[in-house]
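Trainee: Numbering (my numbering), first residue to last: 13 to 127.
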Amino acid sequence: MDFFENWEEFYAKGASVPFYRKSEGGVDFIGFDTRECTPPAPMVNALAALNLVTDANTRVVMINHMYPAGLIPKIADKFEIERENLEGKEVKLTFTLKTGASVSKFDTAVTCDGV
13 MDFFENWEEF YAKGASVPFY RKSEGGVDFI GFDTRECTPP APMVNALAAL
63 NLVTDANTRV VMINHMYPAG LIPKIADKFE IERENLEGKE VKLTFTLKTG
113 ASVSKFDTAV TCDGV
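The structure is reproduced here in structure tokens:
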């Protein structure tokens, strides 16, 4: 399934997969698919995408091979996370900046064990 059909592909600094964007109803969406990646690539790509969020009108859509349990604690204080279960363990997550949360940059030089 092509989740980002008819979205515009673009380059995102620090990303290892294609990134996509579209605007709809006053909301800017940034999307990427890391189902074929191995750790820590899904987390690094997610942090690269979240670094592009400028306000609550920018949402990030991540398609991943499983729920990224290591990522969530790193961002839960700043982002609301909407989860949609797909086939098997695959998930679609949509991240939205929480009301009152400030935009800050995440360090994309991470490993999957938190070191």
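All residues carry an ideal CB built from backbone N, CA and C; glycine is no exception.
1. Check the C-beta distance from L62 over to F41 and give it rounded, since I have them as a contact under 8 angstroms.
2. What is the DSSP secondary structure of M3, reduced to helix, strand or coil?
3. How should F22 be labelled, buried or exposed, when 16 other C-beta atoms within 10 angstroms of its C-beta is the threshold for buried?
4. Would you call the stretch 27-41 and the stretch 81-89 touching, i.e. three or more CB-CB distances under 8 angstroms?
5. Which runs of the alpha helix (DSSP H) fall wholly inside the stretch 14-91 and span at least 4 residues, in chain order?
6. Which residues share a DSSP beta bridge with L105?
7. Please report the distance separating the alpha-carbon of L83 from that of T46.
8. Take the Cβ of R95 as the centre, count every other Cβ of all protein chains shown within 10 Å, and call the residue buried at 16 or more, exposed below.
9. Beta-carbon separation of E102 and N69 under 8 angstroms?
10. Just tell me which of V65, Y79, P80 has its CA closest to the CA of K110.
11. Among W19, V115, E99, N97, which residue has its Cα nearest to the Cα of G43?
Mentor: The answer reads as follows:
1. Position 50 of the sequence shown, counting from 1, holds the residue named residue 62. Position 29 of the sequence shown, counting from 1, holds the residue named residue 41. 13 angstroms between Cβ atoms; not a contact.
2. Residue 3 lies beyond the stretch modelled for the chain, which goes from 13 to 127, so this question has no answer here.
3. Position 10 of the sequence shown, counted from the start, is the residue given in the question as residue 22. Per the 10 Å Cβ criterion, exposed.
4. no
5. 53-62, 84-87
6. For the purposes of this step, residue 105 is taken as the residue at position 93 of the sequence shown. The partner list for L105 (beta bridge, DSSP) reads M74, R95.
7. Counting from one through the sequence shown, the residue named residue 83 turns up at place 71. Counting from one through the sequence shown, the residue named residue 46 turns up at place 34. Near 13 angstroms, if we compare the C-alpha coordinates of T46 and L83.
8. In the sequence shown, residue 95 corresponds to position 83, counting from 1. R95 is exposed by the Cβ-count criterion.
9. Stepping through the sequence shown from its first residue, residue 102 is reached at position 90. Stepping through the sequence shown from its first residue, residue 69 is reached at position 57. Taking 8 angstroms as the Cβ cut-off, E102 and N69 do not qualify as a contacting pair.
10. Counting from 1 along the sequence shown, the entry for residue 110 is found at position 98. Comparing Cα positions, the closest option is V65.
11. Within the sequence shown, residue 43 is the residue found at index 31, counting from 1. Taking only the C-alpha atoms, the option nearest G43 is W19.
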